[in-house]
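If you count the sequence shown from 1, position 272 lands on 383 in this note's numbering, and the numbers rise without skipping.
C-beta atoms are modelled at their ideal positions from N, C-alpha and C, and glycine is treated no differently.
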Amino acid sequence: MSGKTVLLDNIKQLFDWFEYTVFAASLVLSMLVGVYFGFIKKSGQDTVEGYMLGGKQMSLLPVSLSLVASFISGITLLGIPAEVYVYGTQVMGVVIGMVACGFINSAFFLPVFYKLQLLSLYEYLERRFDRRIRKCVSGMYIFTTLMWVALAIYVPALAINQVTGLSVHMVTPVVSSVCIFYTTVGGLKAVVWTDTLQTVIMIGALIVIVIVGTLDVGGVSKVFEAASSGDRLEIFNMDSSLTARMTFWSSSLGYTVFWVYASGTSAAMVQRFISLPTSKLAYQAVFLYVLGCSAFFLASAYVGLLMYTKYQSCDPVKVGIAKKPEQITPIFVLEAVGHIRGVPGLFISGVLAAALSTMSTCMNAMAGIIYEDFITPCMKSTPSDSTSSFYMKWISFLIGVITVVLVLLVEKLGAVLEISSMFGGAAAGIIVGVFTMALFVPFANGKGTLIAFASSTAYMIWTIGGFSYYSKSGIISYKNKGLSVEGCQWNVTTTITDPIIEEQTDQYILPIYRLSIFYYSVAAFIIVMVVGLVVSKLTGGRESTTLEKDLFHPLVHSFLIKREKPPHGANGYVAIRLKERNLESPEIHTDKTVTNG
């Protein structure tokens, strides 16, 4: 029996019955939260407000933790360490983007969206432009989010497969069914409180792994010494090339747009902010969200440095112990801290918790979007609150089933961080561009925005298709920081060679295919803005009036056409929404502005 086989067997034996118990306990606790809010404390769950917004009586801390848990998926806990292990710390430019996003969201997006109090964020686009824009953006959000959730579920399944040997296709339906259950029956309250529980599990797992893992590899100084000698410490790579895989500019600028999308124009996140009873609490939630996400990213990057320190001379992927870099993290956890009973189970529970929180958040938000944007307009009469809530629960269930099926697709696409950056970045740039025009460009009209949306979408499909083709065929590849097998304790007969140069042939490739995937969000945003502004001007623009000022950011109110009285029978849009939904928020009702959507 080879040394490699013995090591694989030893790794799996470390995940024994006690670790399975810890792992199962986290699933049972999540289910119990769903039972509590779905069957015991179910007051208000049979209304749209109760199911989607928790009756607007949610507390700051659980909502903030839910926001963090919703975005810190298995892609973060496994994908970021793998990225640092292979390519170095340049990815930490995302933290700069995260901080910038916090200021942008608080200053520009949240003030408008909190005031409007929309069940479906994309209803705003119908009021601002027309129904076509609303459906286009809703459809893109739903498609991208489904892919994101499938990826978020697939990643922890990889980790569980690595430490237990259980098939990915056996794990994903089981863990997803838990999430589908508590999200469907418990609504937003169950989602938020399970997110809170899961965040605590993730924090506990990371703290133990960082401390014990550091001791295992010889201390902090050894970690940074190894990272420095292995060229892993790199943040300020100021290369201005648009084709370099990742630089300071592509990571910080690209992820600023992506984070703005994820927290400022994502229905799932905005839903959390408006579930809080006051705007002051919503702003505080933004601060805690930025702080929590940044801390998770930094800790995950440090785990990547720990992995490199331990495996710098014997790469688990090259020798066949792991199939993908994302599977190295659970191997490291078992080897470094597996001697402490319960920690491996806690780590796998943390990775799973990250996936479940992402899945539950997106399921809950997408249920509202699909119902409000696509089903309600087809109904002849407005259904009762209990009927609407019933429909949303079934929609949540179907969304969960679809994401499990989509795992079959995402597992064939490649490295998780690259996949999420390609598809997520393209959609982020387009959607942020549409909302930016809506909020800050009074003359932008529906025709210009629709053409801009279509143009940017077509461009990104073309770019992603071309890059994927040349990447799969090996014509475009990226140089990693170098990984060795010289220190392995057994003879290595089969290795995976590293890409040596970024382009391995002299074949001509269109420049757009060589654009770094981390610039996709920026490119999509620029196309939307340029095309939208030009076409809007050429098609006559739009006369936006002071009666609609709730639809615009206060910075552009002075550019609106003044009108003293609304047309006959018109009412303020915010007032209409509050009346329809019977909201009693004092800070909203004090605004007497009358608008005409």
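Practice item. Out of K435, I638 and M503, state which residue places its alpha-carbon closest to the alpha-carbon of Y196. Key: It is K435 whose Cα lies nearest to the Cα of Y196.
Point to revise | Minimum C-alpha distance to V543 - residue among Y631, N591, L509 and I385 | key: Per the Cα distances, Y631.
Review point. Roughly how many angstroms lie between the CA atoms of T255 and T469, to the nearest whole one?
Key: Annotation: T255 to T469 spans about 13 Å, alpha carbon to alpha carbon.
Check your understanding: Going by alpha carbons, who is nearest to S655 out of I541, L561, R238 and F407?
Key -> Considering only alpha carbons, the answer is R238.
Point to revise | Residue nearest to S141 in terms of C-alpha spacing, selected from F670, W370, I451 and S471 | key: Among F670, W370, I451 and S471, the Cα nearest to that of S141 belongs to S471.
Exercise for review: For M418, collect the residues of the same chain with a Cβ closer than 7 Å to its Cβ; drop the 5 residues on either side in sequence, then sort them by chain order.
Suggested key: Closer than 7 Å at the Cβ level, and outside the excluded window around M418, lie P192, Y196, I439, T440 and F443.
**Study point:** Rounded C-alpha distance that separates M251 from A538
**Key:** Computed Cα separation, rounded: 7 Å.
Check your understanding: Within this structure, are the beta carbons of V174 and R383 separated by less than 7 Å?
Key -> Contact annotation: V174 and R383 have beta-carbon atoms nearer than 7 Å.
Check your understanding: Mind checking Q600: buried by the 16 CB within 10 Å criterion, or exposed?
Key -> Around the beta carbon of Q600, fewer than 16 other beta carbons lie within 10 angstroms, which makes this residue exposed.
Practice item. Could you tell me which of T560, T200 and L445 sits nearest to R343, measuring between CA atoms? Key: Ranking T560, T200 and L445 by Cα distance to R343 puts T200 first.
Check your understanding: In terms of residues, what are the limits of the alpha helix (DSSP H) holding I207?
Key -> Note, I207: alpha helix (DSSP H), G204 to I215.
Exercise for review: Take every Cβ of the segment 370-387, pair it with every Cβ of the segment 619-626, and state whether three or more of those distances are shorter than 8 Å.
Suggested key: Short answer: they don't touch.
**Study point:** N- and C-terminal bounds of the alpha helix (DSSP H) containing M418
**Key:** Its alpha helix (DSSP H) spans residues S390 to Y422.
Check your understanding: So which of A268, K558, V279 and D327 has the shortest CA-CA distance to G107?
Key -> The shown model of the chain, from 112 to 708, leaves out residue 107, and the question about it has no answer.
Point to revise | Among V645, V285, S532 and S351, the one whose alpha carbon lies nearest that of L463 | key: Taking only the C-alpha atoms, the option nearest L463 is V285.
Point to revise | T657 in three-state terms, based on DSSP | key: If DSSP states are grouped into helix, strand and coil, T657 belongs with the helices.
Review point. Does DSSP classify I480 as helix, strand or coil?
Key: Here I480 sits in helix by DSSP.
Review point. How would you label K583, buried or exposed, when you count the other beta carbons within 10 angstroms and need 16 or more for buried?
Key: With fewer than 16 other Cβ atoms inside 10 Å of its own Cβ, K583 counts as exposed.
Review point. By Cβ distance, which residues of its chain are closer than 7 Å to A634, with the 5 residues on each side in sequence left out?
Key: Answer for A634: G540 and L626, listed in chain order.
Practice item. Can you give me the Cβ contacts of K673 inside the same chain, cut-off strictly under 8 Å, excluding the 5 residues immediately before and after it? Key: Contacts found: T656 and T657.
Point to revise | Continuous alpha helix (DSSP H) stretch holding Y252: start and end | key: The continuous alpha helix (DSSP H) containing Y252 extends over residues R242 to T275.
Check your understanding: For I432, which of helix, strand or coil comes out of DSSP?
Key -> DSSP places I432 in coil when its eight states are reduced to three.
Practice item. Output the boundary residues of the alpha helix (DSSP H) element that contains Y570. Key: Element bounds for Y570: G557 to K583.
Review point. Identify the residues that DSSP records as bridge partners of I637: which are they?
Key: Partner(s): none; I637 has no beta bridge.
Exercise for review: State the CB to CB distance for the pair F240 and T560, rounded to an integer number of angstroms; the pair is presumed to be in contact (CB under 8 Å).
Suggested key: The Cβ separation is near 5 Å, so the contact holds.
**Study point:** Which of helix, strand or coil DSSP assigns to I346
**Key:** Coil, per DSSP.
Check your understanding: Looking only at its own chain, which residues have a Cβ that is under 6 Å from the Cβ of L399, when we skip the five neighbours before and after it?
Key -> Non-local beta-carbon contacts of L399 in its own chain, meaning distances under 6 Å to residues more than five positions away in sequence, involve S175 in chain order.
Review point. Under the three-state reduction of DSSP, which class applies to I320: helix, strand or coil?
Key: Of the three classes helix, strand and coil, the one that applies to I320 here is helix, per DSSP.
Practice item. Kindly indicate which three-state DSSP category I55 falls into: helix, strand or coil? Key: For residue 55 there is no data in the structure shown, the boundaries of the chain being 112 and 708.
Review point. Start and end of the alpha helix (DSSP H) containing L364?
Key: Segment F359 to G375, the alpha helix (DSSP H) holding L364.
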